[in-house]
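Top to bottom, those sequences are chains D and P.
Using UniProt numbering, read the first sequence as starting at 1 and increasing by one per residue.
Using UniProt numbering, read the second sequence as starting at 1 and increasing by one per residue.
There are 2 protein chains.
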Amino acid sequence: MRRSSNDNVKKPLRFDKNKGEFRILQVADMHYADGEKTPCEDVLPHQFAHCTDLNTSAFINRMIEAEKPDLIVFTGDNIFGFDAEDAAASMNAAFAPAVASKIPWAAVLGNHDQESTLSRAGVMNHIVGMKHTLSEVNPYGVDVIDGFGNYNLEVHGVEGSGFTNKSILNLYFLDSGDYSLVPSISGYGWIKPSQQFWFQQTSKKLQKTSKAPGLAFFHIPLPEYAYFDSSNFTGVRQEGISSASVNSGFFTTLVEAGDVKAVFVGHDHINDFCGELTGIHLCYGGGFGYHAYGKAGWSRRARVVVISLEKGSHDDWGAVKSIKTWKRLDDENLTAIDGQILWSQRPSGSRRKKPIHNG
Amino acid sequence: MRRSSNDNVKKPLRFDKNKGEFRILQVADMHYADGEKTPCEDVLPHQFAHCTDLNTSAFINRMIEAEKPDLIVFTGDNIFGFDAEDAAASMNAAFAPAVASKIPWAAVLGNHDQESTLSRAGVMNHIVGMKHTLSEVNPYGVDVIDGFGNYNLEVHGVEGSGFTNKSILNLYFLDSGDYSLVPSISGYGWIKPSQQFWFQQTSKKLQKTSKAPGLAFFHIPLPEYAYFDSSNFTGVRQEGISSASVNSGFFTTLVEAGDVKAVFVGHDHINDFCGELTGIHLCYGGGFGYHAYGKAGWSRRARVVVISLEKGSHDDWGAVKSIKTWKRLDDENLTAIDGQILWSQRPSGSRRKKPIHNG
Numbered sequence: 001m002r003r004s005s006n007d008n009v010k011k012p013l014r015f016d017k018n019k020g021e022f023r024i025l026q027v028a029d030m031h032y033a034d035g036e037k038t039p040c041e042d043v044l045p046h047q048f049a050h051c052t053d054l055n056t057s058a059f060i061n062r063m064i065e066a067e068k069p070d071l072i073v074f075t076g077d078n079i080f081g082f083d084a085e086d087a088a089a090s091m092n093a094a095f096a097p098a099v100a101s102k103i104p105w106a107a108v109l110g111n112h113d114q115e116s117t118l119s120r121a122g123v124m125n126h127i128v129g130m131k132h133t134l135s136e137v138n139p140y141g142v143d144v145i146d147g148f149g150n151y152n153l154e155v156h157g158v159e160g161s162g163f164t165n166k167s168i169l170n171l172y173f174l175d176s177g178d179y180s181l182v183p184s185i186s187g188y189g190w191i192k193p194s195q196q197f198w199f200q201q202t203s204k205k206l207q208k209t210s211k212a213p214g215l216a217f218f219h220i221p222l223p224e225y226a227y228f229d230s231s232n233f234t235g236v237r238q239e240g241i242s243s244a245s246v247n248s249g250f251f252t253t254l255v256e257a258g259d260v261k262a263v264f265v266g267h268d269h270i271n272d273f274c275g276e277l278t279g280i281h282l283c284y285g286g287g288f289g290y291h292a293y294g295k296a297g298w299s300r301r302a303r304v305v306v307i308s309l310e311k312g313s314h315d316d317w318g319a320v321k322s323i324k325t326w327k328r329l330d331d332e333n334l335t336a337i338d339g340q341i342l343w344s345q346r347p348s349g350s351r352r353k354k355p356i357h358n359g
Numbered sequence: 001m002r003r004s005s006n007d008n009v010k011k012p013l014r015f016d017k018n019k020g021e022f023r024i025l026q027v028a029d030m031h032y033a034d035g036e037k038t039p040c041e042d043v044l045p046h047q048f049a050h051c052t053d054l055n056t057s058a059f060i061n062r063m064i065e066a067e068k069p070d071l072i073v074f075t076g077d078n079i080f081g082f083d084a085e086d087a088a089a090s091m092n093a094a095f096a097p098a099v100a101s102k103i104p105w106a107a108v109l110g111n112h113d114q115e116s117t118l119s120r121a122g123v124m125n126h127i128v129g130m131k132h133t134l135s136e137v138n139p140y141g142v143d144v145i146d147g148f149g150n151y152n153l154e155v156h157g158v159e160g161s162g163f164t165n166k167s168i169l170n171l172y173f174l175d176s177g178d179y180s181l182v183p184s185i186s187g188y189g190w191i192k193p194s195q196q197f198w199f200q201q202t203s204k205k206l207q208k209t210s211k212a213p214g215l216a217f218f219h220i221p222l223p224e225y226a227y228f229d230s231s232n233f234t235g236v237r238q239e240g241i242s243s244a245s246v247n248s249g250f251f252t253t254l255v256e257a258g259d260v261k262a263v264f265v266g267h268d269h270i271n272d273f274c275g276e277l278t279g280i281h282l283c284y285g286g287g288f289g290y291h292a293y294g295k296a297g298w299s300r301r302a303r304v305v306v307i308s309l310e311k312g313s314h315d316d317w318g319a320v321k322s323i324k325t326w327k328r329l330d331d332e333n334l335t336a337i338d339g340q341i342l343w344s345q346r347p348s349g350s351r352r353k354k355p356i357h358n359g
């Protein structure tokens, strides 16, 4: 509803001219609280004495240095509200490495962000007022939408190419809620019809002008994440899928929309897999924050998503050729693991099957 | 989008003053084609020679005579388009008993209605132009909605009671589509985000002024119908649940909205059960039409839903007290079976649990 206060300073996101790529760093579940006063959870005994929220900040800085992302996406539980004395101060500290880097960043809410001194609306309002963020409270011109932090971002083609003023990669951010408010439904929140309707209309509008692939970011996994096991994913599943207890149909809506090739969530810190279902990769970021539950000896980690362009006919950069991902562990070498291709452009005509029904 | 042409002659539906009730006849899957030229399917050998679509018409007339409904609801596959020479003529014949009775009637589309000479839009446009129907092509004032035949009807309280100008029963009609148009999803259609958003907004608006219970009517069962077996339903399940192959979340949306107490569908002709899940009864009508597949020796049937009012403080009729249902078989005695209570008003304060979460 209300537009971000720093709209006027926003430049559109754009693919890099030299490399012909756009690089996203996903930071899932920082669980930030009060900085150096806040101890780590689930680290090895010898790590514990000197481990605080500052280790989370240090990890962000190392990832930024190593990957030089074009966008940092925080997929919720950015702060662990129960342990944060002051929500605004905690967020300022949590996002400080992103702000200091001057790299554009975007955030959505998890289920813990509102547990301190600010409501979900308050938290999202604070975020959109911070420097270098492209986050928005809700989409401009939409009267009715559930949640806080539903918006989309366009990534334009390389400056000077045929795609200078055109979105060739669409990023969708949604608020997957916190907990069910329906007495007869227990457990976590879900993406509501109003949000799905906005997503669908936005996707349809964007696809009218271009067949750009899309990526979606939110906090709570969809029930369809439970479809996978080690036979059909890359990464690990070390805990259950903590989706909502009901299916609100967003996966179906994504499949029908057709542009989103991958979904990135957090929430389950010790699951870090990507698996493909009906043409859409469902990915976890893997737990990032040191004040979040984890598994001692199993490194905190972050996901990187790299979208690469094809070379156009005049040797300039064209549309998106491929979407790759890997993770890096917060170990001495920031070891990269689990590299995989999430999507690649195929020769035109080969990808789409004809609909079976015309009724 | 376009409003029914006979809006100006519509009177609001209203509870009966004498009995303090409102009675609905559900007719599922007539599968009407070309009248006396169209033979029956799946009847006993001795029935076959003289059995045609006219048996379907005769059954409607018998049901009207026996139950004297206040509203007749046709839940799709009203005509079996593949065998109907002319869609308009087939519909005129199929709905003729309802029209002749002058009882208000409402229809939604199934997956076979558009297989003759008219598209789904064409079929629904034809229906709304017929006499005594309250059907609408789509809700007034809604710019974007999938399908044809999404609308709601209000049933006002007894004339002269405290509820004379107030809806105390809300009926929702939705187009559950025909087949998936998404190449990677096979099978039947589903209720889309645009329709769910409209439903949710409508339900919310209606609930602002009254806590009236609601009923929903459409053709294709929700995936949640597969939850039941003989241990938790009334009726029979003699074939699989032919829902969409994906879950589009409408059940979740219904639970969240909170007012709909029962859903009535058709589509699976030899399932006729009602079962309750999370406070909502999911019901089949049971196959009605003689040119529809069925089971020889297992009578065609229809569902009746009776909504009864409580007596108000001044001995006038009040709000809804209970919702009951039964079926009648097309046998010599129109035998009534499977009577059950779908919902009943409880003393105020006892029904609603407090939400567990306030986050």
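Ideal Cβ positions, reconstructed from N, Cα and C, are used throughout, including at glycine.
- In the three-state scheme derived from DSSP, where H, G and I count as helix and E and B as strand, Gln26 (chain D) is classed as strand.
- For His267 (chain D), the three-state secondary structure derived from DSSP is coil.
- Taking a Cβ-Cβ threshold of 8 angstroms, none of the residues of chain D is close to Gln207 (chain P); the smallest such distance is about 14 angstroms.
- For the pair Val255 (chain D) and Leu206 (chain P), the Cα-to-Cα distance works out to about 32 angstroms.
- A straight line joining the alpha-carbon of Val144 (chain P) with that of Val306 (chain D) spans about 35 angstroms.
- Residue state for Phe218 (chain D) is assigned as coil, using DSSP reduced to three classes.
- The shortest C-alpha to C-alpha distance from Ser135 (chain P) to any of P:Lys11, P:Val236, P:Ala336, P:Ser231 is the one to P:Lys11.
- When CB distances to chain P are screened at a threshold of 7 angstroms, not a single residue of the stretch 313-331 of chain D falls below it.
- Val246 (chain D) is a Cβ neighbour of Trp190 (chain D), given a cutoff of 8 angstroms.
- When P:Thr252, P:Pro45, P:Asp16, P:Ala28 are compared, the shortest CA-CA separation from Val182 (chain D) is found for P:Thr252.
- For Ser161 (chain D), the nearest beta carbon of chain P is not closer than 8 angstroms to its own beta carbon.
- When secondary structure is reduced to three states using DSSP, Arg303 (chain D) falls in the strand class.
- As the crow flies, the alpha-carbon of Phe250 (chain P) is around 22 angstroms from that of Val260 (chain D).
- For Lys205 (chain P), the enclosing alpha helix (DSSP H) stretches over residues 193-209.
- Residue state for Tyr290 (chain P) is assigned as coil, using DSSP reduced to three classes.
- Sorting P:Val158, P:Cys40, P:Gly35 by C-alpha distance to the C-alpha of Asp86 (chain P) places P:Gly35 at the top.
- Taking CB atoms only, Pro193 (chain D) has a neighbour in chain P less than 8 angstroms away.
- Val155 (chain P) is outside the set of residues whose beta carbon lies under 8 angstroms from a beta carbon in chain D.
- Listed as beta-bridge partners of Glu85 (chain P) by DSSP are no residues whatsoever.
- When secondary structure is reduced to three states using DSSP, Ala100 (chain P) falls in the helix class.
- Under the DSSP definition of a beta bridge, Gln340 (chain D) partners with D:Thr325.
- Contact between Phe288 (chain D) and Phe80 (chain D) is ruled out by a C-beta separation of about 12 angstroms, above the 8 angstroms threshold.
- In summary, the residues of the stretch 269-299 of chain D whose CB is separated from some CB of chain P by less than 8 angstroms are Thr278, Gly279, in the order they occur in the chain.
- Contact annotation: the stretch 27-47 of chain D does not touch the stretch 174-188 of chain D, with fewer than three C-beta pairs closer than 8 angstroms.
- In the three-state scheme derived from DSSP, where H, G and I count as helix and E and B as strand, Lys311 (chain D) is classed as strand.
- For Thr75 (chain D), the enclosing beta strand (DSSP E) starts and ends at 71-75.
- Within chain D, no C-beta atom comes less than 8 angstroms from the C-beta of Trp343 (chain P); the nearest is roughly 14 angstroms away.
- Secondary structure note for Glu224 (chain P): it is in no alpha helix (DSSP H), with a DSSP letter that is neither H nor E.
- The way I'd put it, the stretch 156-169 of chain P doesn't touch the stretch 108-118 of chain P; fewer than three beta-carbon pairs between them come closer than 8 angstroms.
- When P:Leu174, P:Gly258, P:Ala226 are compared, the shortest CA-CA separation from Ala212 (chain P) is found for P:Gly258.
- According to the DSSP assignment, Ala106 (chain P) belongs to the beta strand (DSSP E) that extends over 105-108.
- Inclusion of Phe217 (chain D) and Asp175 (chain D) in the CB contact set at 8 angstroms is not warranted, their separation being larger than that value.
- Following the DSSP letters along the chain, one finds Glu65 (chain P) inside the alpha helix (DSSP H) bounded by residues 53-67.
- Residue contact check for Ile72 (chain P) against chain D: no CB pair falls below 8 angstroms.
- Counting other Cβ atoms within 10 Å of its Cβ, Glu65 (chain P) stays below 16 and is therefore classed as exposed.
- Just so you know, the alpha carbons of Phe273 (chain P) and Leu334 (chain D) end up roughly 58 angstroms apart.
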